[in-house]
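S.K.: To convert a position in the sequence shown, counted from 1, into this note's numbering, add 351.
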Amino acid sequence: MKNLKEIFINASKGAENCKVILGIRMPDGTKEIIINDNVQNKVDYVCTKYDDNLKMNGVPIQIEDFCFIKK
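1. If I372 sits next to F417, beta carbons under 8 Å apart, how far is it from one beta carbon to the other, in whole angstroms?
2. Check K406 in the structure and name its three-state DSSP category.
3. Taking the alpha-carbon positions, what's the G374 to K406 distance?
4. What separation, rounded to the nearest whole angstrom, lies between the Cα atoms of N354 and N408?
5. Terminal residues of the continuous alpha helix (DSSP H) containing D395?
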């Protein structure tokens, strides 16, 4: 069974002409939406800063939702 980070990475393959939308749970319980049009940079960032469950290392922030849409 794949972990959430692997699912995120696999979903990003072939998304060069896309934007990534992330639903992020913040430490105060609120949810933020981030839209980024540099998919590869955001995938690289997530790979280095987040664990296998998409929880940020050392900070109570978690990616709860993500999707890739055409630009």
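Quick reminder that beta carbons are idealized off the backbone N, C-alpha and C, glycines included.
M.R.: Taking the structure as given:
1. Reading the sequence shown from its first residue, position 21 is the one you call residue 372. Reading the sequence shown from its first residue, position 66 is the one you call residue 417. About 7 Å separates the two Cβ atoms, so the contact holds.
2. Counting from 1 along the sequence shown, the entry for residue 406 is found at position 55. K406 falls in the strand class under three-state DSSP.
3. Residue mapping note: residue 374 aligns to position 23 of the sequence shown, counting from 1. Residue mapping note: residue 406 aligns to position 55 of the sequence shown, counting from 1. If I take the Cα positions, the gap works out to 12 Å.
4. Locating residue 354 in the sequence shown gives position 3, counting from the first residue. Locating residue 408 in the sequence shown gives position 57, counting from the first residue. Distance between the alpha carbons of N354 and N408: 16 Å.
5. Locating residue 395 in the sequence shown gives position 44, where the first residue counts as 1. Its alpha helix (DSSP H) spans residues V390 to K400.
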